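A.B. asks:
Residue numbers (my numbering): 99 to 264.
(1) Within 10 Å of its beta-carbon, does residue 130 have 16 or more other beta-carbons around it, so buried, or fewer, so exposed?
(2) Within the same chain, show all residues whose beta-carbon is closer than 7 Å to that of residue 154, passing over the 5 residues directly before and after it, in chain order.
(3) Looking only at DSSP bridge pairs, what is residue 237 linked to?
(4) So, with DSSP's three-state summary, where would you put residue 110?
(5) Is residue 191 near residue 242, with beta carbons less than 8 Å apart?
(6) Just verifying my parser: in three-state terms, what is the DSSP assignment at residue 200?
(7) Which residues share a DSSP beta bridge with residue 260?
(8) Under a Cβ-count criterion, where at least 16 other Cβ atoms within 10 Å of its own Cβ denotes burial, should residue 237 be classed as buried or exposed?
(9) Taking a contact to mean a Cβ-Cβ separation below 8 Å, would you say residue 225 touches residue 210 in this structure?
(10) As an exercise, report each continuous alpha helix (DSSP H) stretch of at least 4 residues that is fully enclosed by the segment 106-172, in chain order.
(11) Using a 10 Å radius around the Cβ and a threshold of 16 neighbouring Cβ atoms, would you call residue 217 buried or exposed?
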């Protein structure tokens, strides 16, 4: 989605515009607001993207144009990301989330119990949920990570590559 906005637009403006089209949060991946203020990139599946491309016209009182691109054609948003790699014995939310956010599992358990941890934009209260590729884990006040790749090691453990938003 792009256009020249008079006022500064936020992630919330784009999220509201996308949700107003009747989409569920489960269909929306990451919304990346461009640093120059001329639009955003919404990462989602192809069929949902084509539906949104035909119906999205206005974001915060401004007419917008939408285009569908492959992941390789995304622009740099200006938001720094740090590559994080860890080897875990399981793909539990508490194991992967704590290593991606550089904290111990014990420290991760406290905000998890308070409902401050989100797994794919849904509040998680249990660390036993399974995490997969393209899942996002965010801890309010701490940070957000996106699981990019999961593979098995020779010893049967999981090698997890993540991107942490800095």
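No residue lacks a Cβ here, since even glycine has one placed at the ideal position from N, Cα and C.
Just so we're clear, the structure is a prediction, and the values are computed from it rather than from any experiment.
C.D. replies: Result, derived from the coordinates:
(1) By one-based count along the chain shown, residue 130 stands at place 32. Under this definition residue 130 is a buried residue.
(2) Counting from 1 along the chain shown, the entry for residue 154 is found at position 56. Excluding sequence neighbours, residue 154 sits near 99, 115, 119, 162, 164.
(3) To locate residue 237, count along the chain shown from 1; it is residue 139. Paired residues: 215, 241.
(4) The sequence position of residue 110 within the chain shown is 12, counting from 1. Helix, per DSSP.
(5) The residue given as residue 191 occupies position 93 in the chain shown. The residue given as residue 242 occupies position 144 in the chain shown. Not in contact: residue 191 and residue 242 (Cβ atoms no closer than 8 Å).
(6) For the purposes of this step, residue 200 is identified with residue 102 of the chain shown, where counting begins at 1. Of the three classes helix, strand and coil, the one that applies to residue 200 here is coil, per DSSP.
(7) Looking up residue 260 in the chain shown gives position 162. As a beta-bridge residue in DSSP terms, residue 260 pairs with 182, 245.
(8) Position 139 of the chain shown holds residue 237. In the assembly as shown, residue 237 is a buried residue. Its beta-carbon has 16 or more other beta-carbons within 10 Å.
(9) Stepping through the chain shown from its first residue, residue 225 is reached at position 127. Stepping through the chain shown from its first residue, residue 210 is reached at position 112. Less than 8 Å separates the beta-carbon of residue 225 from that of residue 210.
(10) With a minimum length of 4 residues, the continuous alpha helix (DSSP H) runs that stay inside the segment 106-172 are 109-117, 144-153.
(11) Numbered from 1 along the chain shown, position 119 holds the residue referred to as residue 217. Classification of residue 217: buried, given that the 10 Å Cβ count is 16 or more.
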